[in-house]
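*Asks:* Residue numbers (the numbering used here): 14 to 134.
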Amino acid sequence: MRWVLELSFAAFILILTIALYNYTAPASIAVQAGERGRVSELSAFAVRLAASPEFLFRLQYSWEEAVAQARREAALIDPLASVDVYLPTNGVCTTPPSPRIAISLATVLPNGTTVCIAVWA
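1) Would you check if the distance between the CB atom of V17 and the CB atom of I114 is smaller than 8 Å?
2) Which residues bound the alpha helix (DSSP H) around I114?
3) Taking contact to mean at least 3 C-beta pairs separated by less than 8 Å, is the region 55 to 62 in contact with the region 101 to 112?
4) In terms of DSSP beta bridges, what is I130 paired with?
5) Pull up the distance between the alpha-carbon of T126 and that of A119, whole angstroms please.
6) Look up V105 in the DSSP assignment and give the residues it is bridged to.
7) Report yes if the C-beta distance between R84 and E78 is below 8 Å; otherwise report no.
8) Keeping to the same chain, check which residues put their C-beta closer than 6 Å to that of V80; ignore five residues upstream and five downstream.
9) According to DSSP, is A43 part of a helix, a strand, or is it coil?
10) Pick helix, strand or coil for V50, following the three-state DSSP scheme.
The structure is reproduced here in structure tokens:
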């Protein structure tokens with residue numbers, strides 16, 4: 014139960030950080046106009062996946078189906094978006110190269126396995 018609270022708190026901090034960045038970023042370094050909403054939506058989607066007990070249980074028992082469903086949901090936000098779930102390399106969640114946005118979050122499955130959830134477009 015403690016990991017759920019820690020994960021929820023971490024998700025809240027991440028969303029707050031992204032919201033503050035989007036609010037304060039000058040136009041010269043911000044994502045192009047029209048993309049800011051999608052970046053925020055994809056960020057919130059990544060956090061929702063990492064904090065979703067339903068997704069984590071599905072991932073534990075049916076990895077491919079859970080990832081395929083997450084990819085379909087990401088495509089509804091942005092047609093070029095994709096999702097991947099993988100084990101950390103040397104304890105680090107690497108971010109896949111992406112032309113626009115890439116978000117990588119670590120989370121823990123109910124069986125205690127640490128996984129990385131990457132969302133990119």
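Using N, Cα and C, we set each Cβ at its ideal position, and we do this for glycine too.
*Replies:* In brief:
1) For the 8 Å CB-CB criterion, V17 and I114 do not form a contact.
2) In the DSSP annotation of this structure, I114 is not part of any alpha helix (DSSP H), being labelled neither H nor E.
3) No, the region 55 to 62 is not in contact with the region 101 to 112.
4) In the DSSP output, where bridge partners are listed per residue, I130 has V98 and L118.
5) If you draw a straight line from the Cα of T126 to the Cα of A119, it is about 10 Å long.
6) DSSP, once it has assigned bridges, lists T102 as partnering V105.
7) Not closer than 8 Å, so no.
8) Non-local beta-carbon contacts of V80 in its own chain, meaning distances under 6 Å to residues more than five positions away in sequence, involve V98 in chain order.
9) With a pLDDT of only 48 at A43, under the threshold of 50, the placement of this residue in the model should not be trusted, and no figure is reported.
10) According to the sequence shown, residue 50 is Gly rather than Val. When DSSP states are grouped into helix, strand and coil, G50 belongs to the helix group.
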